[in-house]
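Residue numbers (this note's numbering), protein chains in the order written: chain R, 2 to 327; chain S, 2 to 327.
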């Protein structure tokens with residue numbers, strides 16, 4: 002049995018806890034939280050510890066899955082925990098991945114631990130698909146579309162607008178843009194042409210709706226570059242119809258082959274997820290298995306999904322996989 | 002530069018020759034053929050040798066890409082050539098893969114060569130996607146659809162019917178079945194519900210068309226289990242509209258997460274290929290790079306796509322891949 006620790010118990014941590022139940026070769030050794038452990042009730046009655054207690058449990062945990070945020074938690078926690086544990090994280094601040102990799106690699110190498118960072122779907126499964134498609138079709142073009150799905154950051158930005166009580170924002174790929182890419186015409190697409198943004202907003206009583214709407218659609222970085230729709234709804238309607246955290250998206254590569262580049266090929270990978278955090282958690286758990294195996298084989302240091310032999314993710318052995326999947 | 006040899010010069014071999022031009026870290030060392038080399042003109046004026054000459058060129062070729070057929074060529078050639086070369090093949094007789102793996106592994110291990118078998122799209126990229134999706138969503142169901150594309154085997158079967166001059170058969174996925182799978186309803190689908198078969202047939206002068214049609218649609222194994230349409234056309238029309246070798250398909254996994262399995266997720270991978278052999282060749286070439294690198298690192302023996310770290314397929318280094326793809 003692979004003994005898993007969960008470090009941080011929000012949506013992602015709960016998703017990992019559920020996912021472990023689906024993997025018969027794994028067991029949950031404990032949940033680590035900043036809160037008072039006696040106040041935290043886990044979904045499966047797993048034991049809860051303070052985060053400070055983790056270091057005393059180095060011999061009882063094979064892989065620690067870090068479930069904190071990328072802004073402040075993971076840059077500090079992943080290198081710290083890689084001193085004692087094999088670790089997996091979902092660090093997703095794209096621009097800072099090289100720096101995070103270097104920090105984690107240094108510690109993991111010194112302590113002979115295996116650390117897999119930036120695991121999830123983007124970065125993660127989408128990155129893998131960009132890699133495979135680009136290696137197979139070197140002369141081509143990549144397109145990534147996100148959605149339809151909830152953007153937490155954009156929803157938060159709307160909630161900071163004066164007069165807004167609550168909000169939910171969906172990123173939506175533009176169907177015509179998807180069709181153009183799938184046709185093999187290799188279009189150049191602007192930000193506005195690729196995605197629209199749909200905002201469902203609950204206004205405070207007496208708020209100026211026109212003013213709220215205008216402030217949202219002109220907000221720089223978040224909405225100004227997109228065609229944005231704002232729909233005012235009641236809190237009841239938001240709670241009823243917009244409480245899920247769905248997401249997904251598409252990675253498409255269009256490329257040419259042939260001595261005269263006469264043949265076109267489209268490789269498309271897509272996800273349609275009812276729960277963004279639960280899917281990310283499921284990816285983290287599969288990579289925890291890989292981290293455990295790679296460490297047993299002496300493959301230490303910092304890794305990403307691009308480095309992990311696919312078979313290491315599966316609970317089945319090589320002979321079974323060859324027989325059933327090839 | 003990685004020096005590639007091409008063993009067998011049909012559609013697949015020509016595809017490899019074209020694909021090498023798109024990979025700046027590779028060079029074509031030679032083409033090996035059963036025919037008289039002086040009668041074979043290559044697309045890029047690469048040198049042509051007799052297959053018997055291969056063994057004298059062991060020091061001039063880093064990876065031999067085998068481009069023969071799975072029925073009789075590869076079961077004999079891959080183990081034979083793995084004595085002297087790192088090899089990549091596209092062996093696709095699913096039921097015999099474990100046996101082929103064992104034969105090749107034995108020779109490759111003894112001779113410290115790296116052999117990657119069953120490379121292409123199915124087996125190959127589709128197998129990879131079944132593996133990743135199954136590891137991430139252990140509680141779910143896999144669906145593979147093929148087409149729209151030309152089945153060479155089914156086209157050949159029609160050509161053997163009395164009165165048929167020429168034929169082309171397309172395998173076509175049923176749109177309603179695809180939609181049902183994508184809805185997450187996890188349907189049980191019969192052979193007939195998943196694919197239809199479209200046959201374009203050129204009859205010989207004076208042939209009995211009803212008899213031909215009946216013989217096709219009732220043919221056991223090939224057509225009897227499918228809804229099959231037969232359309233009679235002229236040789237000119239077949240030559241004009243049906244000479245390409247397109248193919249493709251879909252691998253879809255539908256799976257549940259959550260403590261009460263309340264959330265559903267759909268992972269879909271699809272290919273739309275203008276040229277089946279050229280795409281397969283492009284996959285072979287990317288895996289030739291991996292075979293070269295794995296051999297340098299001492300990773301010898303028989304491997305499949307399931308064993309190869311994704312980054313080994315790319316001509317770019319790890320730091321660049323992390324910066325641009327994650």
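Idealized CB from N, CA, C, for every residue including glycine.
Exercise. List the residues of chain R that residue 23 of chain S touches, going by C-beta distances under 7 Å, in chain order.
Key: For residue 23 of chain S, the chain R residues whose Cβ falls inside 7 Å of its Cβ are 139, 140, in order along the chain.
Quiz item: Under 7 Å between C-beta atoms, does residue 234 of chain S make it to chain R?
Solution: Not one chain R Cβ lies under 7 Å of residue 234 of chain S.
Exercise. List in chain order: all unbroken alpha helix (DSSP H) runs of 4+ residues lying wholly within the stretch 139 to 174 of chain R.
Key: Runs found: 153 to 160.
Practice problem: Identify the contact partners of residue 265 of chain S in chain R, using a Cβ-Cβ distance below 7 Å as the criterion. | Solution: Simply 275.
Exercise. Could you please give me the residues that DSSP links to residue 231 of chain R through a beta bridge?
Key: Residue pairing by DSSP puts residue 231 of chain R in a beta bridge opposite R:200.
Self-check item: residue 290 of chain R burial status per 10 Å Cβ neighbour count (16 or more: buried)
Solution: Label assigned to residue 290 of chain R: buried.
Quiz item: Residues in the stretch 84 to 114 of chain S with C-beta within 8 Å of chain R's C-beta atoms, listed in sequence order?
Solution: Flagged, chain order: 95, 98, 99, 102.
Quiz item: For residue 320 of chain S, is the classification buried or exposed, using 16 other Cβ atoms within 10 angstroms of its Cβ as the cut-off for buried?
Solution: Residue 320 of chain S is exposed by the Cβ-count criterion.
Practice problem: Identify the continuous beta strand (DSSP E) that holds residue 183 of chain S and give its terminal residues. | Solution: Counted as a single uninterrupted DSSP element, the stretch harbouring residue 183 of chain S is not any beta strand (DSSP E) but the alpha helix (DSSP H) occupying residues 176 to 183.
Practice problem: Give the single residue among R:55, R:10, R:147, R:294 whose Cα lies nearest to the Cα of residue 312 of chain R. | Solution: Nearest to residue 312 of chain R by alpha-carbon distance, out of R:55, R:10, R:147, R:294, is R:294.
Quiz item: Between which two residues does the beta strand (DSSP E) carrying residue 126 of chain S extend?
Solution: Run containing residue 126 of chain S: none in the beta strand (DSSP E); it sits in the alpha helix (DSSP H), 126 to 137.
Quiz item: To the nearest whole angstrom, what separates the beta carbons of residue 199 of chain S and residue 173 of chain S, a pair I think is in contact under 8 Å?
Solution: Under the criterion of beta carbons closer than 8 Å, residue 199 of chain S and residue 173 of chain S qualify as touching, at roughly 6 Å.
Quiz item: Between residue 258 of chain R and chain S, is there a C-beta pair that is closer than 7 Å?
Solution: With 7 Å as the cut-off, residue 258 of chain R counts as an interface residue toward chain S.
Quiz item: So with Cβ pairs under 7 Å, would you call residue 252 of chain R a contact of chain S?
Solution: Not a single CB atom of chain S sits nearer than 7 Å to the CB of residue 252 of chain R.
Quiz item: Per DSSP, which one or two residues make a beta bridge with residue 303 of chain R?
Solution: Note: residue 303 of chain R sits in a beta bridge opposite R:116.
Quiz item: Going along the stretch 7 to 35 of chain S in order, which residues come within less than 9 Å of chain R, judged by CB to CB distance?
Solution: From the stretch 7 to 35 of chain S, only 15, 16, 18, 19, 20, 22, 23, 24, 25 have a Cβ closer than 9 Å to chain R.
Quiz item: Does the beta carbon of residue 71 of chain R come closer than 7 Å to any beta carbon on chain S?
Solution: No, residue 71 of chain R lies away from the interface with chain S (no Cβ there is under 7 Å from its Cβ).
Self-check item: One or two residues paired with residue 248 of chain R in a DSSP bridge
Solution: Beta-bridge pairing links residue 248 of chain R to R:274.
Quiz item: Count the other CB atoms within 10 Å of the CB of residue 1 of chain S; is the residue buried (16 or more) or exposed (fewer)?
Solution: Examination of residue 1 of chain S is not possible in this model, given that chain S is present from 2 through 327 alone.
Self-check item: For residue 280 of chain S, the three-state DSSP class (helix, strand or coil)
Solution: In the structure shown, the three-state DSSP call for residue 280 of chain S is helix.
Self-check item: Minimum Cβ-Cβ distance from residue 66 of chain S to chain R less than 7 Å
Solution: Not one chain R Cβ lies under 7 Å of residue 66 of chain S.
Practice problem: Specify, as a first and last residue, the run of the beta strand (DSSP E) that residue 8 of chain S falls within. | Solution: 3 to 8 is the extent of the beta strand (DSSP E) around residue 8 of chain S.
Quiz item: Run through DSSP, which three-state label would residue 266 of chain R get?
Solution: If DSSP states are grouped into helix, strand and coil, residue 266 of chain R belongs with the strands.
Exercise. Let me know if residue 279 of chain S comes out buried or exposed under the rule of 16 or more other beta-carbons within 10 Å of its beta-carbon.
Key: Residue 279 of chain S is buried by the Cβ-count criterion.
Quiz item: Under the three-state reduction of DSSP, which class applies to residue 87 of chain R: helix, strand or coil?
Solution: Residue 87 of chain R: strand per DSSP, three-state reduction.
Quiz prompt | Integer Cβ distance of residue 108 of chain R from residue 292 of chain R, believed to fall under 8 Å | solution = 14 Å between Cβ atoms; not a contact.
Quiz item: Given a threshold of 16 other Cβ atoms within 10 Å of its Cβ, counted over all protein chains shown, does residue 229 of chain S qualify as buried or as exposed?
Solution: Here residue 229 of chain S is buried: its Cβ has 16 or more other Cβ atoms, across all protein chains shown, within 10 Å.
Quiz item: With distances taken from CA atoms, which of R:52, R:98, R:152 is nearest residue 243 of chain R?
Solution: In terms of CA proximity to residue 243 of chain R, R:152 leads the group R:52, R:98, R:152.
Self-check item: Alpha-carbon spacing of residue 308 of chain R relative to residue 195 of chain S, whole angstroms
Solution: Distance between the alpha carbons of residue 308 of chain R and residue 195 of chain S is about 36 Å.
Quiz item: Can you list the beta strand (DSSP E) stretches of 3 or more residues lying completely in the stretch 12 to 61 of chain S, in chain order?
Solution: Listed in chain order, the complete beta strand (DSSP E) runs (minimum 3 residues) inside the stretch 12 to 61 of chain S are 27 to 34, 49 to 51.
Quiz prompt | Nearest neighbour of residue 113 of chain R, chosen from R:316, R:304, R:322 [CA to CA] | solution = When only C-alpha atoms are compared, the closest one is R:304.
Self-check item: is_contact[residue 178 of chain S, chain R] using C-beta, thresh 7 Å
Solution: No, residue 178 of chain S lies away from the interface with chain R (no Cβ there is under 7 Å from its Cβ).
Quiz item: What do you reckon, are the CB atoms on residue 4 of chain R and residue 28 of chain R nearer than 7 Å?
Solution: Taking 7 Å as the Cβ cut-off, residue 4 of chain R and residue 28 of chain R qualify as a contacting pair.
Quiz item: Is the distance from the Cβ of residue 121 of chain S to the Cβ of residue 258 of chain S below 7 Å?
Solution: Contact: no.
Quiz item: Within the 7 Å Cβ cut-off, does residue 184 of chain S reach chain R?
Solution: No, residue 184 of chain S does not count as interfacial toward chain R.
Practice problem: Consider the Cβ of residue 294 of chain R: report whether some Cβ of chain S lies at a distance smaller than 7 Å. | Solution: It does not: the Cβ of residue 294 of chain R has no partner Cβ on chain S nearer than 7 Å.
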